[in-house]
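To keep things clear, I will list the structure first and then write my remarks on it.
Number of protein chains: 2
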Amino acid sequence: MSEWNDERLVRAALSQVCGPGTPRLARMVAEHGVEEVWCRVRAGEGEPGWSLRAAMCEPERIAAQAEQHGIRFVIPGDAEWPSELGVLETPQATVAGMGGLPVGLWALGPASLADVGRRGVAIVGARAATRYGELVAQELAAELHGFTVVSGGAYGIDSAAHRGAMEVGGATLGVYAQGLDLVYPQGNWRMYQRLCAEHVVVSEAPPGVPPTKHAFLARNRLIAALARGSIVVEAAIRSGARNTANWAGLMGRVVMAVPGPVTSAASVTPNRLIRDGEAALVSSAEDVLALLADLGTVGETPSCAAPQPFDLLTPEQQAVHEALPVRGGRTVAELAPLSGLSMPKLHSALVALELLGLAQQVADGWRLVRQVAAPGKVR
Amino acid sequence: MSEWNDERLVRAALSQVCGPGTPRLARMVAEHGVEEVWCRVRAGEGEPGWSLRAAMCEPERIAAQAEQHGIRFVIPGDAEWPSELGVLETPQATVAGMGGLPVGLWALGPASLADVGRRGVAIVGARAATRYGELVAQELAAELHGFTVVSGGAYGIDSAAHRGAMEVGGATLGVYAQGLDLVYPQGNWRMYQRLCAEHVVVSEAPPGVPPTKHAFLARNRLIAALARGSIVVEAAIRSGARNTANWAGLMGRVVMAVPGPVTSAASVTPNRLIRDGEAALVSSAEDVLALLADLGTVGETPSCAAPQPFDLLTPEQQAVHEALPVRGGRTVAELAPLSGLSMPKLHSALVALELLGLAQQVADGWRLVRQVAAPGKVR
């Protein structure tokens, strides 16, 4: 556990005072730094209620309360801070007054967020799931051994996903909307205990803070950000999983959905996401692996892998590589006809190229990463 | 019934001698005309076996056998000849030695092929269907009242589709691989009787010819050609429905598939078609209608509708209209980024524009139909 220095205490205070998913706070922090922001908030700047809550806030008490429950507070700059969250600083990851980089993440459990975040795949869906949906979620999670199964700890699909990962000794991460000293939903307390004891759970909310509707929506953006791709297994028309899929799409993550009977209300959202081109259809872990490229072959850390020479790429990856601009960016809609690939194959190739350090996502799409030519190499 | 003139007799003879789906015959007919081709075939030109069979062929006997069963022989130029079959003359509608415009279609039943062909939607799938698949096929067929439900008369999905249309008094067309005096499959004889008595069935094979593997594959191209769009409801990995979907895709028809549980072998093919971007996902008759534009509003004959002024188009149709070239052609892959539309919406808009007489399919894609400006109109 890193020490409770001034910055960590101030961030803990802002976490409690300003609530989760507040773009205004994120902007202020990016501009002025946390200590200056804490002064300004106490002086009345910011949204209604902040200064009143700031006046009553005792950061040391939050810290003590967290330590009492074994909860740590991970902040940007910590070795454990998941770099995947950087996507939350992009403009497209703020919608309807919600978004922004958290000032910190409360975490509980032995696994490091840096480790679990790197290979995250979210499996989300309805609380009111069918046996079909729970079966598929559990099997997908089990077969995606080597990934970290990210989910929201709810009944139904979320629980099936966490269980599927744990049953095969895989990694899993629970992302919650309430303070981690509270168990929600209560009926899942046994699973929650196991997640905390053997894996890791995180929340944007400090200890003692109950979940709110707003916090659930803000939480969904963290699930989407912490995973390379999100899979919606079952969800009715109105659902949190749909919200997570939206976030994932906005962030340029791979959005996937499991089809189901058109006669099943629980499959309406995944079928629609597929129909409307917002999600790629996945029937199996193999489909997921194809979309997330080589992430599934565990052991190596893809982000550190040495760049592969161009001629080791698959023909599809080569086609995309050739279609990428050196500067500026091209959207997937522009890359599809240029590469001649279908959307799922294009996405898969882009993820692979990104992992290989050959492509990167920029504000207006994708572009090549300029390679430092090795001595004697022309390309 | 049109008279058995020389051309019809010669076409009947070629139909028997050369078998179904023979691109070489189609090319010879396009180049030389049927009477010249008949001479050449008897003189030994063409594929092995043709001249031998031609020597034994008695066209008048075929005609008499057909009349005995009430079977008519519809040929190009007849009022009843379905103009939709013109797509079979395009190069992309010949694959692996199969394809081409039939020399004629054997038909049995009171409905005119011209009428049924105009609003065809194919519903196809596995013989070994599940209750889910049969239910969906039957409901789709019933709800697509106003369309002609085209299918292959087989057990399972095909039968459910024909039944669904007949139960609501809708139009349906059975496309068979064997001579229409033969009932195949035997167990469907009652449905076959009803199709012949109240609707219409067609085949490329003359009376007395049993079905072959080759004839089934050639038959599938007729299903695809006679329908504006084809829906695969359920099909295992290897299936005739997959073949029909391939044909429909090659012909630029709308290819649709009904998703199903990823745990069901009967849904493997539709789920894959959707996953690979080869078919649009449809959950309901509404989805089908959206893809086939306004074809469902019965009564008017869309192909005769007066061209609509540009400003009556939907914004999506306008976007596609503006992306279409005046000469040459643009593929859907090129039109998608130009119009900013997803593939299903692009397909839907193209079908609508074609129906409105504003767009046409050419060898290398789609282009505008040049409008004859009305007096006083600038556009």
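Line by line, the protein sequences are chains A and B. Residue numbering for the first sequence follows the working numbering, starting at 256 and increasing by one per position. Residue numbering for the second sequence follows the working numbering, starting at 256 and increasing by one per position. All C-beta atoms in this analysis are idealised placements derived from N, C-alpha and C, irrespective of residue type, glycine included.
**Q.** DSSP-derived helix/strand/coil call for B:I330
**A.** Locating residue 330 of chain B in the second sequence gives position 75, where the first residue counts as 1. DSSP places B:I330 in coil when its eight states are reduced to three.
Q. So what does DSSP say about B:V456, is it helix, strand or coil?
A. Walking along the second sequence from the start, residue 456 of chain B turns up at place 201. In this structure, B:V456 counts as strand in the three-state DSSP scheme.
Q. Given that B:D619 touches chain A, what residues does it touch there, using C-beta distances under 9 Å?
A. Position 364 of the second sequence, counting from 1, holds the residue named residue 619 of chain B. Within chain A, no residue comes near B:D619; the closest Cβ sits about 14 Å away, beyond 9 Å.
Q. Should A:S603 be labelled buried (16 or more other beta-carbon atoms within 10 Å of its own) or exposed?
A. Translated into the one-based positions of the first sequence, residue 603 of chain A becomes position 348. With 16 or more other Cβ atoms within 10 Å, it is buried.
Q. Using a Cβ-Cβ distance under 8 Å, would B:T518 count as near chain A?
A. As a position in the second sequence, residue 518 of chain B is number 263, starting the count at 1. It does: the Cβ of B:T518 has a partner Cβ on chain A nearer than 8 Å.
Q: Identify every run of the beta strand (DSSP E) within the segment 503-558 of chain A, keeping only runs that are complete inside it and at least 3 residues long; order them along the chain.
A: 509-512
Q. Going by beta carbon distance, what residues of the same chain come within less than 8 Å of A:A491, once the five residues before and after it are set aside?
A. Here residue 491 of chain A is taken as the residue at index 236 of the first sequence, counted from 1. Result list for A:A491: A381, A383, A520, A521, V523, T524, in chain order.
Q) In chain A, which residues lie with their C-beta within 7 Å of the C-beta of B:N526? A) What you label residue 526 of chain B is simply residue 271 of the second sequence in a count that begins at 1. Within 7 Å Cβ-Cβ: P514, L536, S538.
(Q) Quick check on this structure: which residue in A:T427, A:L363, A:G276 has the alpha carbon closest to the alpha carbon of A:G352? (A) On the first sequence, position 97 is the one that residue 352 of chain A refers to. Closest option to A:G352, Cα to Cα, is A:G276.
Q) Which class does A:A377 belong to by DSSP, given the choice of helix, strand or coil? A) Locating residue 377 of chain A in the first sequence gives position 122, counting from the first residue. Here A:A377 sits in strand by DSSP.
Q.
So B:I412 and B:E394 are supposed to be a Cβ contact under 8 Å. How far apart are they, rounded?
A. For the purposes of this step, residue 412 of chain B is taken as the residue at position 157 of the second sequence. For the purposes of this step, residue 394 of chain B is taken as the residue at position 139 of the second sequence. Contact flag wrong, Cβ pair sits at about 12 Å.
Q.
On the CB-based measure, 16 or more other CB atoms within 10 Å of its CB, does B:K468 come out buried or exposed?
A. For the purposes of this step, residue 468 of chain B is taken as residue 213 along the second sequence, with counting starting at 1. With fewer than 16 other Cβ atoms within 10 Å, it is exposed.
Q | Contact under 8 Å by Cβ, A:G364 with B:M598 | A | Taking the first sequence and counting its residues from 1, one reaches residue 364 of chain A at position 109. Taking the second sequence and counting its residues from 1, one reaches residue 598 of chain B at position 343. Contact flag unset, no.
Q.
Once DSSP output is grouped into helix, strand and coil, what is the label at A:R483?
A. In the first sequence, counting from the first residue as 1, residue 483 of chain A sits at position 228. In this structure, A:R483 counts as coil in the three-state DSSP scheme.
Q) First and last residue of the beta strand (DSSP E) that includes A:W621? A) The residue labelled residue 621 of chain A in the question sits at position 366 within the first sequence. Note, A:W621: beta strand (DSSP E), 620-623.
Q: Hey, could you find the ends of the alpha helix (DSSP H) A:S594 is sitting in?
A: On the first sequence, residue 594 of chain A is found 339 positions in, with the first residue counted as 1. From DSSP, the alpha helix (DSSP H) with A:S594 extends over 587-594.
Q. Quick one: any contact between the segment 441-455 of chain B and the segment 423-433 of chain B, if contact means 3 or more CB pairs under 8 Å?
A. yes
Q: Compare the C-beta of B:R622 against all C-beta atoms of chain A and say whether one is closer than 8 Å.
A: In the second sequence, residue 622 of chain B corresponds to position 367, counting from 1. For B:R622, the answer is no, since every Cβ of chain A falls outside 8 Å of its Cβ.
Q. Is A:S270 near A:P461, with beta carbons less than 8 Å apart?
A. The residue given as residue 270 of chain A occupies position 15 in the first sequence. The residue given as residue 461 of chain A occupies position 206 in the first sequence. Yes. Within cutoff.
**Q.** Reduced DSSP secondary structure (H/G/I, E/B, other) of B:L613
**A.** As a working note, residue 613 of chain B is residue 358 in the second sequence. Here B:L613 sits in coil by DSSP.
Q) Since A:A420 and A:V404 are thought to touch, with beta carbons under 8 Å apart, how far apart are those beta carbons, to the nearest angstrom? A) Taking the first residue of the first sequence as 1, we reach residue 420 of chain A at position 165. Taking the first residue of the first sequence as 1, we reach residue 404 of chain A at position 149. Indeed, because the Cβ distance is near 4 Å, the residues count as touching under 8 Å.
Q) Mind checking whether A:G504 and A:V510 have CB atoms under 8 Å apart? A) Translated into positions along the first sequence, residue 504 of chain A becomes position 249. Translated into positions along the first sequence, residue 510 of chain A becomes position 255. Cβ atoms of A:G504 and A:V510: closer than 8 Å.
**Q.** Option in A:A452, A:D436, A:Q441, A:G442 with minimal Cα separation from A:S458
**A.** Position 203 of the first sequence, counted from the start, is the residue given in the question as residue 458 of chain A. Among A:A452, A:D436, A:Q441, A:G442, the Cα nearest to that of A:S458 is on A:D436.
Q: Could you name the residues of the same chain whose beta carbon sits closer than 6 Å to that of A:G620, not counting the 5 residues immediately before and after it, in chain order?
A: For the purposes of this step, residue 620 of chain A is taken as the residue at position 365 of the first sequence. These residues qualify, in order along the chain: G584, R585, T586.
Q. What are the residues that DSSP puts in a beta bridge with A:S494?
A. What you label residue 494 of chain A is simply residue 239 of the first sequence in a count that begins at 1. Per DSSP, none; premise fails for A:S494.
Q) So the beta strand (DSSP E) A:V404 belongs to, where does it begin and stop? A) By one-based count along the first sequence, residue 404 of chain A stands at place 149. Here the beta strand (DSSP E) through A:V404 covers 403-406.
Q: Taking all protein chains shown into account, decide if A:P346 is buried (16 or more other Cβ within 10 angstroms of its Cβ) or exposed.
A: Position 91 of the first sequence, counting from 1, holds the residue named residue 346 of chain A. Exposed: under 16 other Cβ atoms inside 10 Å.
Q. If the cut is a Cβ gap below 8 Å, which residues of chain A does B:G507 touch?
A. Against the second sequence, residue 507 of chain B aligns to sequence position 252. Within 8 Å Cβ-Cβ: nothing; B:G507 doesn't reach chain A, min ~17 Å.
Q.
Strictly by DSSP, which residues pair up with A:M353?
A. Walking along the first sequence from the start, residue 353 of chain A turns up at place 98. Bridge partners of A:M353: A:V350.
Q) When you compare only the Cα positions, how much space is there between B:R373 and B:D333? A) Reading the second sequence from its first residue, position 118 is the one you call residue 373 of chain B. Reading the second sequence from its first residue, position 78 is the one you call residue 333 of chain B. For B:R373 and B:D333, the distance between alpha carbons rounds to 15 Å.
Q) If you draw a straight line from the C-alpha of A:E262 to the C-alpha of B:L605, how long is it? A) The residue given as residue 262 of chain A occupies position 7 in the first sequence. The residue given as residue 605 of chain B occupies position 350 in the second sequence. For A:E262 and B:L605, the distance between alpha carbons rounds to 59 Å.
Q: Rounded to whole angstroms, what's the CA-CA distance from B:L528 to B:P314? Just pull it up for me.
A: The count along the second sequence starts at 1 and reaches residue 528 of chain B at position 273. The count along the second sequence starts at 1 and reaches residue 314 of chain B at position 59. Whole-angstrom Cα-Cα distance: 43 Å.
Q.
Which residue marks the beginning of the beta strand (DSSP E) containing A:W361, and which one marks its end?
A. Here residue 361 of chain A is taken as the residue at index 106 of the first sequence, counted from 1. Per DSSP, A:W361 belongs to the beta strand (DSSP E) from 360-363.
Q | Buried versus exposed call for A:N443 [16 or more other C-beta atoms within 10 Å across all chains shown] | A | The residue labelled residue 443 of chain A in the question sits at position 188 within the first sequence. Classification of A:N443: buried, given that the 10 Å Cβ count is 16 or more.
Q: Name, please, each residue of chain A whose Cβ falls closer than 7 Å to the Cβ of B:G504.
A: Position 249 of the second sequence holds residue 504 of chain B. What B:G504 touches in chain A: nothing, since even the nearest Cβ is about 12 Å away.
Q. What residues match up with B:L428 in a beta bridge as DSSP calls it?
A. Translated into the one-based positions of the second sequence, residue 428 of chain B becomes position 173. Paired residues: B:V405, B:V455.
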